[in-house]
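Report on one structure; see the data block that follows.
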Amino acid sequence: MILIFLLPLFQAEIICEYDEPCLRACTDSVCEYFWNIEHRYSQTWRTSDFGEKRSYPKGAMRDFPLSWNSTKKNFDIFQEGINVGINDVIDENGRAKNPLDELEKLLLLDGQQMRKVITINGQVPGPNIVVNKGALVKITVKSTLHEESCKSFDSLHYLTFPAVSLHWHGLHQYDNYWNDGAAMFSQCPVDAFNSFTYVMKAENAGTHWYHSHYIIQRADGLHGAFIILDKGSLLNKQSLRLPLWS
Ligand SMILES: [Cu+2]
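Residue numbers for the sequence shown, in mature numbering (1 follows the signal peptide of the UniProt record, and there is no 0): -16 to -1, 1 to 230.
Take a look at the structure:
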């Protein structure tokens, strides 16, 4: 009998697993997200490459730097610093791959080349969270950050190990401050190659946001919208996020 009452605590609508885009709003009373937080570079194309010319395993996922060639109306692809044109990235059938056929795998941002950013499941800024008021929200954050975001903060060396912490800005978090993500104040940050599940109630409706609460990671793109819908509100509004870097 007790188990029947506890069942809703364990059932959740999983919005995205690690590395999947989190595109849907959650309509359930329990909403679960799995996020991989990772450094990437802007103007790159993440794709598997079956070419044999270089020192990587066949079929490995690789990030190729790109630059737009307005004469060719296509991207130039750079491989280990060399412009390889568009014929050197090979699929499993031996055919040349074209980044224009895999637009969802491009991380273009605003045209800045090779700017280091922090992604959530490959997205920057991070995915929108859209839930109903009263929902229980669980976000498992796995960090694969391999170094701190800003080395110029060396004077705060005790804060610059490769950790991450997410603050849920605007959420009340009554009796739940240990999930509020203020690193070194309410909880420890998530260390590299570790994970932590933030659990919180979507108590107050409105357009909120989340952002890193650790050094200046939010300026590297680690932020996103957190929208809590009141009963009866419609999902017909778009949120607008402006990148914080220049
Ligand atoms: Cu904040």
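Where a beta carbon is used, it is the ideal one built from N, C-alpha and C, also for glycine. What you are looking at is a predicted structure, and each value in this text was computed from that prediction instead of being measured.
DSSP state of Trp83 mapped onto helix, strand, coil: Along the sequence shown, one-based indexing puts residue 83 at 99. It is Pro, not Trp, that sits at residue 83 in the sequence shown. DSSP places Pro83 in helix when its eight states are reduced to three.
Who are the near neighbours of Ile211 in its chain, counting only those whose CB is closer than 6 Å to its CB and skipping five residues on each side? Counting from one through the sequence shown, the residue named residue 211 turns up at place 227. If we look at Ile211 and ignore the five residues flanking it on each side, its Cβ neighbours are Val114, Thr191.
For Gly208 and Pro109, believed in contact at Cβ under 8 Å, the rounded distance: Translated into positions along the sequence shown, residue 109 becomes position 125. Translated into positions along the sequence shown, residue 208 becomes position 224. Their Cβ separation, rounded to whole angstroms, is 5 Å, which keeps Pro109 and Gly208 in contact under 8 Å.
Have a look at Gln171 and Ser127 and give me their C-alpha separation to the nearest angstrom. Counting from one through the sequence shown, the residue named residue 171 turns up at place 187. Counting from one through the sequence shown, the residue named residue 127 turns up at place 143. Cα to Cα, the separation comes out at about 16 Å.
What residues in its chain sit with their C-beta under 6 Å from that of Val68, if we drop five residues either side in the sequence? Here the question's residue 68 lines up with position 84 in the sequence shown. So the list reads Ile61, once near-sequence residues are dropped.
Tell me whether Arg99 sits in a helix, a strand or coil according to DSSP, three-state version. Within the sequence shown, the letter at position 115 stands for residue 99. Judged by DSSP in its simplified three-state form, Arg99 adopts coil rather than helix or strand.
Just to check my reading of the structure: Val148 and Pro173 have Cβ atoms closer than 8 Å, yes? What is that Cβ distance to the nearest angstrom? Taking the first residue of the sequence shown as 1, we reach residue 148 at position 164. Taking the first residue of the sequence shown as 1, we reach residue 173 at position 189. That pair is a contact at about 6 Å.
Would you say the beta carbon of His153 is closer than 6 Å to some non-hydrogen atom of ligand 1? For the purposes of this step, residue 153 is taken as residue 169 along the sequence shown, with counting starting at 1. Flag set: Cβ of His153 near ligand 1.
In the DSSP assignment, find the unbroken beta strand (DSSP E) run with Met168 in it and report its ends. One-based indexing of the sequence shown puts residue 168 at position 184. Here Met168 belongs to no beta strand (DSSP E), and DSSP marks it neither H nor E.
In terms of residue numbering, what span does the beta strand (DSSP E) encompassing Ala209 cover? Along the sequence shown, one-based indexing puts residue 209 at 225. Note, Ala209: beta strand (DSSP E), 207 to 213.
Quickly, what does DSSP pair Ser51 with across the bridge? List them, please. Within the sequence shown, numbered from 1, the residue matching residue 51 stands at position 67. BP columns for Ser51 point to Asp60.
If you follow the beta strand (DSSP E) that Trp162 is in, where does it begin and where does it stop? By 1-based counting over the sequence shown, the position of residue 162 is 178. It is not in any beta strand (DSSP E) - Trp162 carries neither H nor E in the DSSP assignment.
Would Lys100 and His23 be called neighbours here (beta carbons separated by less than 7 Å)? Reading the sequence shown from its first residue, position 116 is the one you call residue 100. Reading the sequence shown from its first residue, position 39 is the one you call residue 23. Contact: yes.
Contact under 7 Å by Cβ, Val73 with Asp33: Indexing the sequence shown from 1 puts residue 73 at position 89. Indexing the sequence shown from 1 puts residue 33 at position 49. Closer than 7 Å, so yes.
Which of helix, strand or coil DSSP assigns to Ala44: As a working mapping, residue 44 is identified with position 60 in the sequence shown. Residue state, collapsed to three classes: strand.
Okay, do the stretch 82 to 93 and the stretch 151 to 165 touch, 3+ Cβ pairs below 8 Å being the bar? no
Out of Asp85, Val125, Ile(-3), Ser54, which has the shortest C-alpha to C-alpha gap to Ser196? Within the sequence shown, numbered from 1, the residue matching residue 196 stands at position 212. When each option's Cα is compared against that of Ser196, the closest is Val125.
Lys122, DSSP secondary structure in three states: Walking along the sequence shown from the start, residue 122 turns up at place 138. It is a strand residue.
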